[in-house]
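This report refers to the structure that appears directly beneath it.
Numbering (the working numbering), first residue to last: 3 to 353.
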């Protein structure tokens, strides 16, 4: 009798272990990535059917590209990457005979007329959307979106903090609303009577911004937490097929926003909380991730370790990396969890 009981317990434990392993094995992990950012954007475009493309130069910053997602949604366009004076081969291959229209986001200091003329010589209609700065450019992008639909929703982000804009990008693609860049203090876009999504905490977005609108604020302790709050609100538990991108290399999240519009994008890093991915059926990485992060995605039960941050004893903020410019002169840099740092807010430079 004791032998049967022991055998039953042993089989039960084995069944539980096998079920756990089988459950983890069911996650289909794949990459949507090329040899560089240009090819990655091209491979993402290959997933779409389009006759219009949006060109952004991401060589120095993503400033102009931050506002492109809503336009990509309303025109059903991929976001492709170019250089200032030439079109990379991976991008040019996607601007094929089916393409009739191209939007260039930014002025000639970002994308020159040389690029515009290359496209015009292919009998492609070229529309340049630019402004005196990134904020004005976003306003002109919004004006273009208004030619296709009545604008009843917008997102407000700090135009100098790229991560927040990337978190809302897939939502803007899906719902065809503009992403308006601000200086974090005031909005130059009239928000009255609009549903306004303010993305970013009080350290980057004033609490009084868009006070005349029906606003919802997404404010986390850092870019990963804000990203999770945006995802939870718009996608919640309905998603089992996830897209993830490096939380510090945001260009792939920008170009990937078009293909991830129905699923959202989760930012990941070595120390980021990945619990939202725990019930995933599939995970697609946008661009290449470090092998250590991929290993965590393959073993999510052990991936959700607390985020490691850095600080100095006399400082008032915690940092995402010990290489933060504001820590360059510091001799004694401590590391640990946010709770262990006893700091109440993140650094504006590295978060």
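A virtual CB, placed ideally from N, CA and C, is assigned to each residue, including glycine.
Close CB contacts of residue 93 within its chain, under the 8 Å cut and outside five residues either way in sequence, are with 40, 43, 44, 57, 82, 83 and 84 (chain order). Of the candidates 335, 243 and 272, 243 places its Cα closest to the Cα of residue 279.
With a 10 Å radius around the Cβ and a threshold of 16 neighbouring Cβ atoms, residue 136 comes out buried. The three-state secondary structure of residue 252, taken from DSSP, is coil. For residue 226, the enclosing alpha helix (DSSP H) has its first and last residue at 225 to 236.
Within the DSSP bridge table, the entry for residue 218 names 199 as partners. DSSP places residue 118 within a helical segment (H, G or I) once states are collapsed to three. Contact between the stretch 231 to 241 and the stretch 137 to 150 is absent: fewer than 3 CB-CB pairs across the two stretches fall below 8 Å.
With respect to residue 169, residue 187 sits apart: the two C-beta atoms are not nearer than 8 Å. Residue 159 and residue 119 have their C-alpha atoms spaced approximately 33 Å apart.
For residue 155, there is no enclosing alpha helix (DSSP H); the residue is part of the beta strand (DSSP E) that begins and ends at 155 to 160.
Counting only the Cα atoms, residue 260 lies some 19 Å from residue 131. Close CB contacts of residue 210 within its chain, under the 6 Å cut and outside five residues either way in sequence, are absent. The beta-carbon distance between residue 69 and residue 181, rounded to whole angstroms, is 5 Å. This is short enough to meet the 8 Å contact definition.
Per DSSP, the continuous alpha helix (DSSP H) segment holding residue 300 begins and ends at 293 to 300. Listed in chain order, the beta strand (DSSP E) elements of length 3 or more contained wholly in the stretch 318 to 348 are 336 to 338. Rounded to whole angstroms, the gap between the alpha carbons of residue 275 and residue 128 is 42 Å.
Assignment of residue 57 by DSSP, reduced to helix, strand and coil, places it in the strand class. Rounded to whole angstroms, the separation of the alpha carbons of residue 350 and residue 179 is 27 Å. A residue is called buried when at least 16 other Cβ atoms come within 10 angstroms of its Cβ; residue 37 does not meet this threshold and is exposed.
In the three-state scheme derived from DSSP, where H, G and I count as helix and E and B as strand, residue 261 is classed as coil. Beta-carbon to beta-carbon, residue 233 and residue 268 are separated by about 6 Å, close enough to satisfy the 8 Å threshold. Taking the CA atoms as reference points, residue 227 sits about 21 Å from residue 289.
Rounded to the nearest angstrom, the gap between the Cα atoms of residue 295 and residue 144 is 36 Å.
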